[in-house]
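Here the protein sequences line up with chains A, B and C, keeping their order. Under numbering that gives the first Met the number 0, think of the first position of the first sequence as 0, with each following residue one higher. Under numbering that gives the first Met the number 0, think of the first position of the second sequence as 0, with each following residue one higher. Under numbering that gives the first Met the number 0, think of the first position of the third sequence as 0, with each following residue one higher. Here a beta-carbon is modelled for each residue, glycine too, at the ideal position from N, C-alpha and C. As the structure is a computational prediction, the values presented were derived from the model and not from experiment.
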Amino acid sequence: MLSLIIFIPLFAALALIFVDRDNNSLIKTMGLGATSGVLLISLWVLYSFDSSNPGMQFVQNLHWVPALHINYKIGVDGISLWMIVLTAFLGVISIIMSMNQKKGFRNFIALMLALEAGTLGVFLALDTILFYVFWELMLVPTYFIIGLWGEGRRVYATMKFVIYTLVGSLLMLVAIISLTMVHYGATHEVTFDLQVLSQTHIDPFMQIWMFLFFFVAFAIKVPVFPLHSWLPHAYVACPIPALILLTGAMSKTGAYGFLRFCLPLFPDAVNSMALVIGFMAASGMVYGAWIAIAQKDIKALVAYSSISHLGFIVLGIFARNGEGIEGSVLQMVNHGIIASALFLIVGFIEIRMGTRNLGELRGLSKAMPVLYGTFMLVMLAALGLPGLNGFVGEFLILVGVWTSQLLSGLSGVLVLMGGLSIVFASIYMLYMFQGSMQEKPNSEDTSDINANEFKLLLPACFLIVLIGLYPKPFIDRVSPSVESLLHLEKTVNLDAGKGSDSH
Amino acid sequence: MGQEFVLLVSSTVFCVGACGFIIRKNPLIMFMSVELMLNSVNFLLIAYSSFLNSLDGQIFALIIMTVAAAEVVVGLAIILTIFRTRHEMDVDQINALKG
Amino acid sequence: MFASSWLILLFPLTGFIFLSWYGKRISKAFVGFIGCGTVGISFLASLVALSDLLFLPAEEGVGKVEVLYQWVSAANFKLDLAILVDPLSVFMFLIVTGVGFVIHVYSIGYMQDDPEYSRFFSYLNLFIFSMLVLVAAADFFFLIVGWALVGLASYLLIGFYKEKTSAVLAARKAFVMNVIGDVGMVIAAFMIFESFGTLNFIDVFDAAPEMFRPNDDQILLITLLLLVGAFAKSAQLPLHTWLPDAMEGPTPVSALIHAATMVTAGVYLIARCHVLYELAPFTMYLIATVGVLTAIFAGTMGMVQYDIKRVIAYSTMSQLGYMFLAMGIGVYSLGMFHLMTHAFFKALLFLAAGSVIHALDGEQDIRKMGGLKNIMPLTHATFLIGALALAGFPLTSGYFSKEAIILSSYHAEMGNFVFWAIALITAGMTAFYIFRVYFATFIGKTRSPDAHPHESPLTMALPLVFLAVLALAGGFLGPLVDAFLAPVFGHEAHHFHDGILETIALIVGIGGIATAALMYQVSKDRIELMKEVFAPLYDLLFHKYYVDEIYDFLIVKPTKAIGTFMEEKAEKQGVDFAVDQVGFQVKEVSRGISFWQTGRVRTYALNMVAGMVIILLFVVFM
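Printed below as a string of structure tokens:
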């Protein structure tokens, strides 16, 4: 059942090759059908998910390459559950937003579906090689989408993005293979199954470099400062529909990787490196926000603000306590909703005004009252207004950081940096919002957003308020898995002397 | 003749051929040097087949001669074609595969 | 019974949602009806809560916490969505909804000609809702939520005339300063959670005395961080620069938010957390000091401003200083009493000023007013009452509350002579500047020949009368307030009586009024003379001590400059450059190596021979 989530978009993408290039209605139907199907299945998974079970649910395990003991194993737990729903949701929105694509419509939709399939696969995979395959699968469609349908320095941006990410991935591959080899050395059993490998005891020295290789791959993907420089180029060059998936779902795969791989497998390495990583994440928060203040292109502004918000998420993860990690998972969902809504709004403005430069946009609220209202709500969520969803995540993360044992040396500094980035967020968001929406308009002949576009923003607005008012159901589904994650590390640590025969 | 003599002659001729190949620019001369190298090897093989009382050396020498003949045919054809199109007899000028 | 208290919050919220969605489609009269109605119902519900509280048996404690549902449960962090109904919160409910209702009614008349009528009322309702959340919160988290929402409402209302650049900038300034305060409070919340394991008021305040010795580092930090929020919200030094600019908003906004309610949130915060502050005497001393310094600071600036609203704004800042002074020396209920009387007479002053502005078609410069006494008798009378109350004229409400604070600043355990002296001087200045405005606006010759002033309509006049009555009679509610709030603070405030000091204060007050009369009534040339004599001082005061310019120079410009710098240097020439260099260097190395590929056969042959030789050497020697 779970495999359908991955394979519906994948088969739809492949099937589109056989569809006539100009048959727009069929392409639209297939695209929408595939993504809606995925959304429905993911909602069903959400509904049937057992909140009290900390382990993997809906597991499917099939032999894939028996000679190498690589299995096709997928499953869902509290941490990946919301990622799946988020990606499915963003998939529908991005396909609807792609409807305006004029040239190469069929190929664009096919690539978007493939991208969605890859991202979903990353969140579901429980076998390290399978995870790697899906990780790389996300790259190929992105390369083409940015390179062919992008704008500005699109070839430069996509080359940078792909090669940069690839370097990280290759390091990750080395670590994956050596992980299996270490396990083989201890048990004479070759396996790539993540859950089995989590029980392996790894010598602290080995842990450090394996952790670093995984870390680099994920840190590039999220991205974490200072490995972020691909982001501004790629985000600005990327067309809006794909950008929604990129920033909403794909960036979270990196953070998810930290939670799924780095924390459980390499607890000693995390112990020693957490402070440095926490500082990097916090620096990214401040850095991204500071540069966003100086931006005139609203797309670049939102891109830099993403760097800032994603830094929060990584910081929460490396606080390595319940509040921090649960706050991070919640913030992953929040950022997915908020950032994609922001990019949608940027897209709407650009379609109507033909420019994204704050110097030329002015007083749009007069002609677009509905956009004004929704933009305000999304903007307030982005700057973390207490009462809306962004604040809940940020608050939990910072509480986690403050009370974290791992980060206790720098916790005050880190929280202050968080506070600084929140103040900056209010500055750049107000620059963007007030700059484009308020004061006297240059011309009044623009039309307001129509009903369809409003419907695209409506779910985001609804969720922003809902999660702000009642975050409990979201967090309740995440808690058990996070608790078991934290507990698992302690078990592995305790087993240090006994080797990996703890089961 | 002793083994040392054979070895000495063979390796000397081989070196002469190799140097000739490296130093000369005219493709025909380079070909002759290649033949020299092949011949020196032949000489060695035949001498040793006699020293070791085994037929293998002579058989292998025959194979080498066949290969040399075939190679000369192909090589001369290539040189002729190059000469006809470019009117160059200088090997150094044929560097289109320069990376 | 207490569950009905949720209605207090519910009605303004529904008002906001309804009006923002449907406001444009219904008639203005209906909008006004809904806008005022929701607040009116809230007021009635607050009265119900009051009676519930009064009839609560003593054993059940001071108040009740009403929980709606569990809001979050993440590891050790658990929080419920709950409100606290106790004397302090009910006191604030009544003030907020009561004064709020009156101002809503006033706005029906004041904003009558504005095309964005419904948007105004929806934002006003949002504000009332947010302020109620702030004072009703049962824990620090929802206090912060209410705090931020109030900041949001303030931003929306200051920037209401969104086509006016100055309004947009003022709104932004207010919001960013508010966020700074928010961050301070959030960090304080973390520290509280770390020490107490909970953010619930009742649990924290019960546990605090046992947990901390007075002036312990932790409690000092917590109280100081909470103070950052309080000072930002209540426009005390050094986070005060947003308040004068906030006058860009419509006058009812200034009355409601920047006089009666929002700015008092800081005072409320200290009252609510008095248990924590009592454990940090150093912070209390700091509060009193900053309060009294702000009072005199604002007083000096109020004396030279020409914009009628700005003068009143500075007087607000000044009076808030008095309230903080009271909180800082421990006489909490006196501070809260002054909060109440101030709400009455300050709202009155703003609304009366609004009446004048409305009548003169938007003129706000007092130099262009004058002689309105006979044209607008009602406004004149109410403004006079408000001015007398502000100046602390005997028998007005302001007299009772301000006097009590000034006396306590000398006699209270934590008071001292300096506090008293500064408070006294400020009282004199207050009397001076408000009467300067009075004389300039209402007495003498009319300096605005083009306008056709008229008395205000009924919807504006009635609120004025109502507030004037309260400004006069409110003073006698003093002992009631004291008794009502006593359970929250643990004891009744001590009322001091000192004939000598009271007389001195009286003389200073009347002296201020007289000076204003002299300068503005008798001879106008004297003003010009004074200005020339005191020119540098005058400049300093007029430019608000150049604080705005200092902030701009020290904070705003550097921040923007660093942002641009980071983009240029750090990003383009730093990190990005490094990454690009990696790619570039690889290409360079590749180009370097490709020299090997000469394309010439002979070089390749040489390579082969050389390689062969090396291998042979290896074989021979290893």
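What do you reckon, are the CB atoms on residue i and residue j nearer than 8 angstroms?
{"i": "A:M279", "j": "A:F213", "result": "no"}
{"i": "A:I145", "j": "A:F130", "result": "no"}
{"i": "B:K97", "j": "C:Q596", "result": "yes"}
{"i": "A:G77", "j": "A:R476", "result": "yes"}
{"i": "C:M184", "j": "C:V134", "result": "no"}
{"i": "C:A279", "j": "C:N199", "result": "no"}
{"i": "A:I337", "j": "A:G389", "result": "yes"}
{"i": "C:K308", "j": "C:W241", "result": "no"}
{"i": "C:Y313", "j": "C:P243", "result": "yes"}
Can you tell me which of the three DSSP states residue i falls into?
{"i": "A:Y506", "result": "Lying outside 0 to 502, the shown extent of chain A, residue 506 of chain A is not represented and no answer is given."}
{"i": "A:I69", "result": "strand"}
{"i": "C:I245", "result": "The sequence shown places Ala at residue 245 of chain C, not Ile. C:A245: helix per DSSP, three-state reduction."}
{"i": "C:L616", "result": "helix"}
{"i": "A:G74", "result": "strand"}
{"i": "C:I512", "result": "helix"}
{"i": "C:D306", "result": "strand"}
{"i": "B:N52", "result": "coil"}
{"i": "B:D89", "result": "coil"}
{"i": "A:P385", "result": "strand"}
{"i": "C:D216", "result": "helix"}
{"i": "C:D547", "result": "helix"}
{"i": "A:A116", "result": "helix"}
{"i": "A:N449", "result": "coil"}
Which two residues bound the contiguous beta strand (DSSP E) that contains residue i?
{"i": "A:Q59", "result": "Q56 to V64"}
{"i": "C:D51", "result": "Careful: C:D51 lies outside any beta strand (DSSP E), inside the alpha helix (DSSP H) at K27 to L53."}
{"i": "C:G65", "result": "Per the sequence shown, residue 65 of chain C should be read as Glu rather than Gly. Segment K63 to A73, the beta strand (DSSP E) holding C:E65."}
{"i": "A:Y234", "result": "Segment W229 to A236 is the alpha helix (DSSP H) holding A:Y234; no beta strand (DSSP E) there."}
{"i": "C:D79", "result": "F76 to V84"}
Using CA atoms only, rank isn't needed, just tell me which of the options is closest to residue i.
{"i": "A:S364", "options": "A:K439, A:P385, A:N333 and A:T199", "result": "A:K439"}
{"i": "A:G411", "options": "A:A424, A:F423, A:L397 and A:S420", "result": "A:L397"}
{"i": "C:Y331", "options": "C:L133, C:Y276, C:F541 and C:G498", "result": "C:Y276"}
{"i": "C:D306", "options": "C:A422, C:M611 and C:V436", "result": "C:V436"}
{"i": "C:L6", "options": "C:W20, C:L46 and C:F32", "result": "C:L46"}
{"i": "A:K102", "options": "A:N356, A:G149, A:A450 and A:V422", "result": "A:G149"}
{"i": "C:T425", "options": "C:L319, C:M459 and C:F281", "result": "C:L319"}
{"i": "C:L156", "options": "C:F211, C:T458 and C:H257", "result": "C:H257"}
{"i": "A:N320", "options": "C:A294, C:K559 and C:N75", "result": "C:N75"}
{"i": "C:Q363", "options": "C:F392, C:P393, C:A439 and C:T315", "result": "C:A439"}
{"i": "C:L359", "options": "C:K345, C:M375, C:A346 and C:L347", "result": "C:M375"}
{"i": "A:L85", "options": "A:L329, A:H308 and A:V313", "result": "A:L329"}
{"i": "A:L382", "options": "A:I348, A:L413, A:M367 and A:G417", "result": "A:G417"}
{"i": "A:V221", "options": "A:L245, A:I201 and A:A236", "result": "A:L245"}
{"i": "A:V58", "options": "A:G74, A:A66, A:P65 and A:V91", "result": "A:G74"}
Could you spell out where the alpha helix (DSSP H) holding residue i opens and where it closes?
{"i": "C:G427", "result": "F416 to F441"}
{"i": "A:A281", "result": "P266 to I292"}
{"i": "A:M29", "result": "N23 to S47"}
{"i": "C:G406", "result": "According to the sequence shown, residue 406 of chain C is Leu rather than Gly. Residues S396 to H410."}
{"i": "C:N625", "result": "A query on residue 625 of chain C cannot be resolved here, the shown segment of chain C reaching from 0 to 621 and no further."}
{"i": "C:H379", "result": "P376 to A390"}
Which whole-angstrom value is the C-beta distance of residue i and residue j, which I expect to be below 8 angstroms?
{"i": "C:E247", "j": "C:A169", "result": "4 angstroms"}
{"i": "C:F42", "j": "C:T96", "result": "4 angstroms"}
{"i": "C:A234", "j": "C:I102", "result": "Going by Cβ atoms, the distance from C:A234 to C:I102 rounds to 19 angstroms, so no, they are not a contact pair."}
{"i": "A:V377", "j": "A:I344", "result": "7 angstroms"}
{"i": "A:A318", "j": "A:S403", "result": "4 angstroms"}
Residues of chain E with a CB under 8 angstroms from the CB of residue i: which are they?
{"i": "C:S72", "result": "Of the protein chains in the structure, A, B and C, none is chain E."}
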